[in-house]
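Under numbering that gives the first Met the number 0, the sequence shown has 58 at position 59, and the numbering climbs by one with no breaks. Glycine is no exception: its CB is placed at the ideal position from the N, C-alpha and C atoms. Below is one structure, written out as C-alpha cells, with a few remarks after it.
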Amino acid sequence: MLNALDATFLEGMKCFFGGGTAISLQLDEYRQSDDIDLLCADHDGYRRLRQSVFDNGLRDLFPGGVETLRDVRADRDGVRTVLKLDDTPIKFEIVAEGRIPLVGASVDGIPVPCLSRVDMFAEKLLANADRYLDKSVMSRDVLDLVVMQSKWGEIPAQAWQKAESAYGTSVRIALSRAREMLQADTAYFELCLQKMAFDGGVASWLRQELAKQAARPPSKRRPK
0 MLNALDATFL EGMKCFFGGG TAISLQLDEY RQSDDIDLLC ADHDGYRRLR
50 QSVFDNGLRD LFPGGVETLR DVRADRDGVR TVLKLDDTPI KFEIVAEGRI
100 PLVGASVDGI PVPCLSRVDM FAEKLLANAD RYLDKSVMSR DVLDLVVMQS
150 KWGEIPAQAW QKAESAYGTS VRIALSRARE MLQADTAYFE LCLQKMAFDG
200 GVASWLRQEL AKQAARPPSK RRPK
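What follows is the structure, given as C-alpha cells:
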C-alpha cells in the first residue's frame, strides 16, 4: 500500500508517515499494525492537500488508484477513509498536526517520507498523554516507547521539548503513570500483548525493558 502512494506529492505537502505502523516497520515489525497514519503540520501544505482531496478524491495521493471501503472524509482535523488491500481493510488517515512543527526524514526500505525520529518520539509522548487511561487502546503508546527507547536510545531532549511545548510537564507524568499501569496489572499487560499481536519472542524481553526503564531516575528538564 505504501508503494501506491505518491511520495513526491506527499513530500511537496510536507506530509510524513508516522504512527505505530511506521515505527514497527523500522524496528523489525515487532507488533502487528496495518493502519497508515500520515501527519501534516504545515498549514499551507494541509490546505493544498485538503483542496486536492476535495477536487480529485484520492487520485493525487494514489495515482494508480485505490479501492475504498468507506467514503473519504476531509475536515480541519484530517482526511480519513478505509482502504481495501487483498480483502483486508486498512485504516488510512492524514492528521492535521497543529500542536508541534514536524520534520521529515528518508528511511531505507520505506518508499514515502517519514517523520524524523525526534518527532516519532514527540508524537508518541503526546499520544500517550492523550489516551493512556483508555484501556481500549491497549497501552500501545507506552509499549511502542519502550521498544523505541530500547532500539533507538533514550527519548531525545528535543522530543521532550516539543511535547512539553504543547502539553507541559503532563507528558512526563503520563508516561510514568502509563508504565505503572502495566506493571501493576499483569493480566492487563498480557492482554495488551495479545490484542496487539506482539511477536512471541518480544513479550518476555518487553517486560524486562519496561521494568528497566521504569526504574531509571526521571529525566531532568533542560533549563530554558
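Spatial distance of residue i from residue j (CA atoms)
i      : j      : result
Gly11  : Tyr45  : 10 Å
Leu101 : Tyr187 : 33 Å
Arg176 : Lys211 : 15 Å
Ser149 : Glu189 : 20 Å
His42  : Ala73  : 15 Å
Ala158 : Gln50  : 31 Å
Ser203 : Ile172 : 25 Å
Asp85  : Ala3   : 14 Å
Gly199 : Asn55  : 43 Å
Asp27  : Leu205 : 14 Å
Glu179 : Gln207 : 14 Å
Lys134 : Asp70  : 28 Å
Pro216 : Phe197 : 27 Å
Val65  : Leu9   : 16 Å
Thr185 : Gln193 : 12 Å
Lys223 : Ala156 : Confidence is the limiting factor: at Lys223 the pLDDT is only 44, short of 50, which leaves the residue's position unreliable, though a coordinate-based value still follows. Computed Cα separation, rounded: 12 Å.
Arg221 : Gln25  : Residue confidence for Arg221 is low, a pLDDT of 48 falling below 50, so the modelled location carries little weight; the figure read from the coordinates is stated next. Taking the straight line from one Cα to the other gives about 29 Å.
Gln31  : Thr168 : 31 Å
Exposure of residue i, with buried meaning 16 or more beta-carbon neighbours within 10 Å
i      : result
Gly18  : buried
Thr20  : buried
Asn127 : buried
Leu132 : exposed
Phe120 : buried
Arg116 : buried
Asp76  : exposed
Cβ pair residue i, residue j closer than 8 Å
i      : j      : result
Ala165 : Ile99  : yes
Val111 : Ala6   : yes
Gly60  : Lys83  : Here the sequence assigns Leu to residue 60, which means Gly is not the residue at that position. No.
Phe91  : Ile35  : yes
Met195 : Arg139 : yes
Glu122 : Cys39  : no
Leu48  : Ile93  : yes
Val141 : Tyr29  : no
Val52  : Val78  : yes
Rounded Cβ spacing between residue i and residue j (contact assumed at less than 8 Å)
i      : j      : result
Leu114 : Phe16  : 7 Å
Ala181 : Leu209 : Residue identity differs from the one stated: residue 181 is Leu in this sequence, not Ala. Sure, about 6 Å apart at Cβ, within 8 Å.
Val170 : Ala162 : 4 Å
Thr80  : Asp33  : Their Cβ separation, rounded to whole angstroms, is 14 Å, which puts Thr80 and Asp33 out of contact at 8 Å.
Gly152 : Lys13  : Contact flag wrong, Cβ pair sits at about 26 Å.
Tell me the start and end of each unbroken beta strand (DSSP E) in the segment 0-27 that is at least 3 residues and wholly inside, in chain order. 14-17
Write down every uninterrupted run of the beta strand (DSSP E) in the segment 131-185 whose length is 3 residues or greater and which is fully enclosed by it, in chain order. none
If you scan the segment 73-100 from start to end, which runs of the beta strand (DSSP E) of 3 or more residues do you find wholly inside it? 77-84, 87-95
Segments of 4+ residues assigned as alpha helix (DSSP H) that fall wholly inside the segment 97-125: none
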